[in-house]
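Colleague:
Residue numbers (my numbering): -2 to 525.
#1: Only counting the same chain, and skipping five residues up and downstream in sequence, which positions put a Cβ closer than 7 Å to that of residue 228?
#2: Which residues does DSSP pair with residue 506 in a beta bridge?
#3: Quick one: Cα of residue 513 to Cα of residue 426, how far?
#4: I'd like to confirm the pairing. Which residues does DSSP put opposite residue 127 in its beta bridges?
#5: Distance, Cα to Cα, residue 184 vs residue 75?
#6: Does the count of Cβ pairs from the stretch 501 to 519 and the stretch 475 to 492 closer than 8 Å reach three?
#7: For residue 2, which of helix, strand or coil comes out of DSSP?
#8: Under the rule that 16 or more other beta-carbon atoms within 10 Å means buried, what is residue -2, buried or exposed?
#9: DSSP state of residue 491, grouped into three classes?
#10: Since I believe residue 282 is in contact with residue 311 (beta carbons under 8 Å), could you give me their beta-carbon distance rounded to a whole number of angstroms?
#11: Quick check on the DSSP output: the beta strand (DSSP E) that includes residue 154 runs from which residue to which?
#12: From which residue to which residue does the beta strand (DSSP E) around residue 232 run?
#13: Report yes if the C-beta distance between residue 10 and residue 33 is below 8 Å; otherwise report no.
#14: So is residue 19 buried or exposed if we call it buried at 16+ other beta carbons inside 10 Å?
#15: Just tell me which of 244, 53, 138 has its CA closest to the CA of residue 69.
#16: For the stretch 166 to 184 against the stretch 234 to 251, are there 3 or more C-beta pairs whose distance is under 8 Å?
#17: Between the beta-carbon of residue 94 and the beta-carbon of residue 126, is there less than 8 Å?
#18: Which residue from 254, 263, 277, 265 puts its Cα closest to that of residue 271?
#19: What whole-angstrom Cβ distance do residue 37 and residue 14 have, given they're in contact under 8 Å?
#20: Let me check one thing: in DSSP terms, what residues is residue 404 bridge-paired to?
#21: Classify residue 48 as helix, strand or coil using the three-state DSSP reduction.
#22: Taking its Cβ as the centre, do 16 or more other Cβ atoms sit within 10 Å of residue 256, making it buried, or is it exposed?
#23: How is the beta strand (DSSP E) around residue 198 delimited, first residue to last?
#24: I'd like to check one pair, residue 192 with residue 162: are the Cβ atoms closer than 8 Å?
#25: Under 8 Å between the Cβ atoms of residue 490 and residue 498?
#26: What would DSSP say about residue 352, mapped onto helix, strand or coil?
#27: Going residue by residue through the stretch 389 to 444, where are the continuous beta strand (DSSP E) segments of at least 3 residues, counting only ones entirely within it?
#28: Helix, strand or coil, according to DSSP, for residue 299 in the structure here?
#29: Identify which residue in 64, 278, 261, 415 has its Cα closest to the Cα of residue 248.
#30: Have a look at 299, 295, 450 and flag the residue whose alpha-carbon is nearest the alpha-carbon of residue 233.
#31: Hey, quick one: how far does the beta strand (DSSP E) through residue 210 stretch, first residue to last?
#32: What is the DSSP secondary structure of residue 146, counted as helix, strand or coil?
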């Protein structure tokens, strides 16, 4: 087409744009008569000065491509290949009407690139395809890939004082975009270390080899980096200065024990303590053995929290040789009536702080008690572990060593009158050490009756159960029967190993029921 005749588009009120071929030589003055809405003319020819008078005044001449649908991007590690919309009067087709390529700005020059990935200024190049109306047309559209803002935070770390440096080179950073697998290389400042108790900032010195300043944005490659400090904390270490316990035998003199133990110090650090306490008679027992003062002889006090613990000084009366009692209490004891005696007490044992606290009934006519103790499976020693006029003792050691609470321990108490005559002994109490994983001890005996009234020749069965200290564990077997029984007067009533009571003659007596650990309860028997 080389010309447009008069009134060709006359009264085309809705005509807003028109594309004129470059071959156009003439347009009649009235060709666009009354086309008042015409705004844009697309024309690439050389005759515009001749043709423009034929168009309404104010129209816009467009002589090249219009490129749209290209946006700036934030770096995400992925390739950005925009597919823009290209128009010249109409929407053109890629590869059919035009070709698309990419360039990146390098200084003042533009370099051809295949992909747009890294941060920078880019442009798309739209070039008309040879042999089309757009063959000699070229247009550019710029876009940018901007840096991703990332905050990198040095990690906090803490420990108790141990004499070694505390450092931590690890860090966290805000999430990168999906698909960005960049791994930052971070180093801390030389001052990011602490040994003594206190705090120290953990400061990032470099990121990917570039120096950074805390709180200040730094441009590093595709990222705009801000760093945040962490905190390194060394807490004070707990140290205990404990005065030792000591037992003395009365000799008419006052005794003190200045020894102490220190636990928790690091390396060659040391403490010197002063311990004061004095005992001169058994009636004073126990006397506190007091840590009255201490000082560091090496090391720094500010690295520690020091706790003092007092010990105990005790004194026993002048030792007398205990009467020789032949006692061979087997692990699996007979449950028949115990040997006739006036001392029928059970035994109560509590375990605390690695010690055994043993108690029994104080019995009229008894002046002294001897406590015998050994590990189950071993014979009792002829020498008691404790002798007392009281009805309780605390045992801290066995065979010269701390009690092994992962084992079973058996105990019995022998009673003596004021003349030194043996007037009875308890049954053997078989105790499971509290550190045993599977076994526990009876806590309480429960009886269905507290009293029986029988006629001579009549029988009755005592029914007993136990409540355990730890219901998730069980009582260790193979040491003694679950229950053992004894009558205070077999002439009135007897009891067998099964707890069956037989009335013999009129009168009153008491039946003792013992658990494996020596715990006891009683049943009163009246025979008519």
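Cβ coordinates follow ideal geometry from the N, Cα and C atoms, glycine included.
Modeller: This is what the structure gives:
#1: Numbered from 1 along the chain shown, position 231 holds the residue referred to as residue 228. Closer than 7 Å at Cβ, skipping near neighbours: 153, 196, 198, 199.
#2: Mapped onto the chain shown, residue 506 falls at position 509. The partner list for residue 506 (beta bridge, DSSP) reads 522.
#3: Residue mapping note: residue 513 aligns to position 516 of the chain shown, counting from 1. Residue mapping note: residue 426 aligns to position 429 of the chain shown, counting from 1. Their Cα atoms are separated by approximately 6 Å.
#4: To locate residue 127, count along the chain shown from 1; it is residue 130. In DSSP, residue 127 forms no bridge with anything.
#5: Counting from 1 along the chain shown, the entry for residue 184 is found at position 187. Counting from 1 along the chain shown, the entry for residue 75 is found at position 78. Cα to Cα, the separation comes out at about 27 Å.
#6: With the cut-off at 8 Å, the stretch 501 to 519 and the stretch 475 to 492 touch.
#7: Position 5 of the chain shown holds residue 2. Secondary structure at residue 2: coil, using DSSP grouped into helix, strand and coil.
#8: Stepping through the chain shown from its first residue, residue -2 is reached at position 1. It is exposed - the Cβ of residue -2 has fewer than 16 other Cβ atoms within 10 Å.
#9: Numbered from its first residue, the chain shown carries residue 491 at position 494. The answer is strand: DSSP assigns residue 491 an E or B state.
#10: In the chain shown, the residue the question calls residue 311 occupies position 314. In the chain shown, the residue the question calls residue 282 occupies position 285. Yes, they are in contact, since the Cβ atoms of residue 311 and residue 282 sit about 4 Å apart, within 8 Å.
#11: Counted from its first residue, the chain shown places residue 154 at position 157. Residues 154 to 157.
#12: By 1-based counting over the chain shown, the position of residue 232 is 235. Element bounds for residue 232: 227 to 232.
#13: Indexing the chain shown from 1 puts residue 10 at position 13. Indexing the chain shown from 1 puts residue 33 at position 36. Yes, these two residues count as a Cβ contact at 8 Å.
#14: To locate residue 19, count along the chain shown from 1; it is residue 22. With fewer than 16 other Cβ atoms within 10 Å, it is exposed.
#15: Along the chain shown, read from residue 1 onward, the residue named residue 69 stands at position 72. Minimum Cα distance to residue 69 is reached at 138.
#16: no
#17: If you number the chain shown from 1, residue 94 lands on position 97. If you number the chain shown from 1, residue 126 lands on position 129. One thing to note: residue 94 has its Cβ within 8 Å of the Cβ of residue 126.
#18: Here the question's residue 271 lines up with position 274 in the chain shown. For residue 271, the nearest C-alpha among the options comes from 254.
#19: Taking the chain shown and counting its residues from 1, the one referred to as residue 37 is at position 40. Taking the chain shown and counting its residues from 1, the one referred to as residue 14 is at position 17. Between residue 14 and residue 37 the Cβ distance is about 4 Å, and since that is below 8 Å, they are a contact.
#20: Start at 1 with the first residue of the chain shown, and residue 404 comes out as number 407. Residue 404 is not bridged to any residue.
#21: Reading the chain shown from its first residue, position 51 is the one you call residue 48. In the structure shown, residue 48 sits in a helix (DSSP, three-state: H, G or I).
#22: Translated into the one-based positions of the chain shown, residue 256 becomes position 259. Exposed, since its Cβ has fewer than 16 Cβ neighbours within 10 Å.
#23: The residue labelled residue 198 in the question sits at position 201 within the chain shown. Unbroken beta strand (DSSP E) run through residue 198: 195 to 199.
#24: Along the chain shown, one-based indexing puts residue 162 at 165. Along the chain shown, one-based indexing puts residue 192 at 195. Yes, they are a contact pair.
#25: Residue 490 sits at position 493 when you count from the first residue of the chain shown. Residue 498 sits at position 501 when you count from the first residue of the chain shown. Cβ atoms of residue 490 and residue 498: closer than 8 Å.
#26: Counting from one through the chain shown, the residue named residue 352 turns up at place 355. Note: residue 352 maps to strand in three-state DSSP.
#27: Whole beta strand (DSSP E) segments, 3+ residues: 389 to 392, 405 to 413, 419 to 422, 426 to 429, 439 to 444.
#28: Locating residue 299 in the chain shown gives position 302, where the first residue counts as 1. Correct three-state label for residue 299: helix.
#29: Counting from 1 along the chain shown, the entry for residue 248 is found at position 251. Among 64, 278, 261, 415, the Cα nearest to that of residue 248 is on 278.
#30: On the chain shown, residue 233 is found 236 positions in, with the first residue counted as 1. For the residues 299, 295, 450, the minimum Cα distance to residue 233 belongs to 299.
#31: Within the chain shown, the letter at position 213 stands for residue 210. Premise fails: residue 210 is in no beta strand (DSSP E) and is neither H nor E.
#32: Translated into positions along the chain shown, residue 146 becomes position 149. Residue 146: strand per DSSP, three-state reduction.
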